[in-house]
Amino acid sequence: MNKAKFITFEGVDGAGKSTHLAWFAETLRQRGLEVLVTREPGGTALGELLREILLRQPMHAETEAMLMFAARLEHIEQVIKPALQRGTWVVSDRFSDASFAYQGGGRGVQLSKLEQLERWVHADLQPDVTLLFDIPVEVARQRLSNNATLDRFEQEQGSFFEKVRQAYLDRYKKTPLRFALIDARQTPEQVKVDLTKIVALL
């Protein structure tokens, strides 16, 4: 409990991770911890501007990947590292696993290029724990159908999200000790039971 930890939430759009993030952070605060909640793309003034561009403007897949990592570099240097250094826990809605899933799996950007960007931007930083909310794509799509304003990622076809989901699972298989796999098909109450067990181990 002494070292501040960096915790990330990941999963396809519609998995429900954002629903549980605030509750998770508050649970940590109830244990007397100082917690910063942030998101990607975003988290800084520049990052939020880039977020609007990334979510709304069509662009080449590799441009998208580089803009994601540009926003991430600002996020790390301005927000994440300073918080961790002062003893504040950081809980982020997405981090680099999302780039490997969406730009790598979904868009088809070469993993070697994403790995190069990852080494460049944060060779010395990885999440302590990544909560991966896994869900069948058809269930996630059904949940999103109630949302009237979908961004350009959420508007993608099911086949895109199948590739995104598989890329997330590939990341999980590559470094399983960093991940906690959450069955996001469960009710919110059941997911909270799983999250409570994870909090107890931190």
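Numbering (the working numbering), first residue to last: 142 to 343. Glycine included, C-beta positions come from ideal geometry on N, C-alpha and C. Everything numeric in this text was worked out from a predicted model, so none of it was measured.
Can you find the residues in the same chain that come closer than 8 Å, C-beta to C-beta, to residue i, ignoring five residues on each side of it along the sequence?
i           : result
residue 326 : 276, 277 and 280
residue 297 : 247
residue 211 : 191
residue 266 : 147, 217, 221 and 222
residue 322 : 273, 275 and 313
Residues in its own chain within less than 7 Å of residue i by CB, not counting five upstream and five downstream?
i           : result
residue 249 : 202
residue 320 : 271, 273 and 313
residue 269 : 146, 147 and 148
residue 159 : 234
residue 307 : 246
Between the Cα of residue i and the Cα atoms of the options, which residue gives the shortest distance?
i           : options               : result
residue 311 : 228, 159, 174 and 238 : 238
residue 235 : 176, 335 and 184      : 184
residue 205 : 163, 219, 251 and 264 : 251
residue 178 : 144, 242 and 221      : 221
residue 342 : 253, 164, 172 and 207 : 172
residue 200 : 244, 266 and 283      : 244
residue 209 : 323, 330, 182 and 241 : 182
residue 347 : 226, 324 and 213      : For residue 347 there is no data in the structure shown, the boundaries of the chain being 142 and 343.
residue 242 : 227, 290, 303 and 329 : 303
Rounded to whole angstroms, how far is the Cβ of residue i from the Cβ of residue j, which I believe are closer than 8 Å?
i           : j           : result
residue 188 : residue 216 : 5 Å
residue 292 : residue 196 : 4 Å
residue 285 : residue 152 : Actually they do not touch by this definition, with Cβ atoms about 12 Å apart.
residue 231 : residue 224 : 5 Å
Short of 6 Å in beta carbon distance, which residues of its chain neighbour residue i, apart from the five on each side in sequence? Order them along the chain.
i           : result
residue 175 : 229
residue 263 : 217
residue 168 : 340
What I want to know is whether the C-beta of residue i ends up closer than 7 Å to one or more non-hydrogen atoms of the ligand NAD.
i           : result
residue 206 : This structure simply doesn't include the ligand NAD, nor any ligand for that matter.
Enumerate, from N- to C-terminal direction, the unbroken beta strand (DSSP E) stretches of 3 or more residues contained entirely within the region 206-258. Taking only runs of at least 3 residues, the beta strand (DSSP E) segments lying wholly in the region 206-258 are 230-234.
Whole alpha helix (DSSP H) elements within the region 298-325, 4-residue minimum: With a minimum length of 4 residues, the continuous alpha helix (DSSP H) runs that stay inside the region 298-325 are 299-315.
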